[in-house]
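S.K.:
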Amino acid sequence: MSEIYSDADDCLDLARYLKTQMGRKISFYGSTYQEVISGSYFSDFESKCCHVYGEGLAFYYKFCKEGFLRIGIGSFPLHNNSVGEKLAALSSFYEALSEQYGEPTFFYTIKDDDEGTLSLQWSFANKEEDIQNLRSGNYFDDGEIDELIVIDEPRTQMNSYELNDTTKKFNANKIGIPCGLIDLVNENIDDFVKYKTGKEIGIPEGTKIDGVSVTSFQKKISLK
């Protein structure tokens, strides 16, 4: 099957849509009429405690409306932003993009990536082929997959205290993240909540999920 390339016209249209949806949270570098769009993302937490026109987080996307949409969030050089902060930024893009394109196909990271980029991709044309190539290591010529999460594929349950699928879907919808990433958010919940909402949030002691008392990071996932 022939390779699908990002399209400058589609990228321009998407830049206009994202700017309408996200406003001052994003700024673009250079022209938005090209095959790879990049810019800065600023969280609610940054806008409250820092200068809104600081560096923020780096983002990029590639887009072909008949083929795929890929969005990545990473750190600028010499910055060491946390996974939770990047997930919060990815959540903001996901909320805007899912309204137009539904659920993404997969999430991935690349080994030895200096920017620590977290990426989501919507595969419109070759979903199963893309997933197979990712798993076999044949998708990228210049990088090796580190972590891959296929969004609609159940993850292996690690212990009896993990949230059930119904609770995960409820929480995922509530906080604005694909259901397949809820466990990753749980692992980085403190920074996720801080950068997603602009403040740290907890809920009262004794709260239970599925009848089980939850730890600090699980409590905060409800965002109550």
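Residues 793 to 1016 in the working numbering are what the sequence shown spells out, letter by letter.
By construction, the Cβ of each residue, glycine as well, lies at the ideal position given by its N, Cα and C atoms.
Given that a residue counts as buried once 16 or more other Cβ atoms are within 10 Å of its Cβ, and exposed if not, what is residue 858?
M.R.: exposed
S.K.: Would you give the residue range spanned by the beta strand (DSSP E) that residue 870 belongs to?
M.R.: That residue, residue 870, is in no beta strand (DSSP E); it is neither H nor E in DSSP.
S.K.: Going along the chain, which residues of its own chain have a beta-carbon closer than 6 Å to the beta-carbon of residue 952, five neighbours each way excluded?
M.R.: Its pLDDT being 44, under 50, residue 952 is placed unreliably by the model, and the measurement read from it follows with that caveat. Excluding positions up to five away in sequence, the list is empty.
S.K.: Assuming residue 908 and residue 980 form a contact by the criterion Cβ under 8 Å, report the distance between their Cβ atoms to the nearest whole angstrom.
M.R.: Wrong, their Cβ atoms sit about 12 Å apart, outside the cutoff.
S.K.: Helix, strand or coil: which one does DSSP assign to residue 1010?
M.R.: At residue 1010 the pLDDT is 45, less than 50, meaning the model places this residue with poor confidence and gives no usable figure here.
S.K.: Please classify residue 922: is it buried, with 16 or more other beta-carbons within 10 angstroms of its beta-carbon, or exposed?
M.R.: buried
S.K.: Is it the case that the Cβ atoms of residue 929 and residue 937 are separated by a distance below 9 Å?
M.R.: Yes.
S.K.: Need the endpoints of the alpha helix (DSSP H) that residue 926 sits in, please.
M.R.: 919-928
S.K.: From the DSSP output, in three-state form, read off residue 841 for me.
M.R.: Unreliable positioning characterises residue 841 in this predicted model, as indicated by a pLDDT of 47, which lies under 50. The coordinate reading is nonetheless provided below. Three-state DSSP puts residue 841 in a helix.
S.K.: Using 8 Å as the threshold, is the region 849-868 in touch with the region 799-815, meaning 3 or more CB pairs across them?
M.R.: yes
S.K.: Measure from the alpha carbon of residue 796 to the alpha carbon of each residue in 812, 918, 891 and 881, then state which is nearest.
M.R.: 918
S.K.: Measure how close the beta-carbons of residue 913 and residue 932 come, nearest whole angstrom, since I'm counting them as under 8 Å.
M.R.: Not a contact, Cβ separation roughly 11 Å.
S.K.: Rounded C-beta distance between residue 862 and residue 911? I'm assuming under 8 Å.
M.R.: In this structure residue 862 touches residue 911 by the C-beta definition: roughly 6 Å separates them, less than 8 Å.
S.K.: Out of 871, 819, 943 and 884, point me to the one whose CA is closest to residue 920's CA.
M.R.: 943
S.K.: Using only the alpha-carbon positions, how far apart do residue 801 and residue 827 sit?
M.R.: 8 Å
S.K.: Give me the DSSP bridge partner(s) of residue 862.
M.R.: 854 and 913
S.K.: Would residue 1027 pass as a contact of residue 884 if the rule is Cβ separation under 9 Å?
M.R.: It is not possible to answer for residue 1027, since the shown part of the chain is limited to 793 through 1016.
S.K.: Would residue 991 pass as a contact of residue 880 if the rule is Cβ separation under 9 Å?
M.R.: Their beta carbons are not under 9 Å apart, which means residue 991 does not touch residue 880 by this criterion.
S.K.: Would you identify the three-state DSSP class for residue 797, choosing helix, strand or coil?
M.R.: coil
S.K.: Is the distance from the Cβ of residue 906 to the Cβ of residue 935 below 9 Å?
M.R.: no
S.K.: If residue 983 sits next to residue 874, beta carbons under 8 Å apart, how far is it from one beta carbon to the other, in whole angstroms?
M.R.: 4 Å
S.K.: Is residue 890 helix, strand or coil by DSSP?
M.R.: Here residue 890 carries a helix assignment [DSSP, helix/strand/coil].
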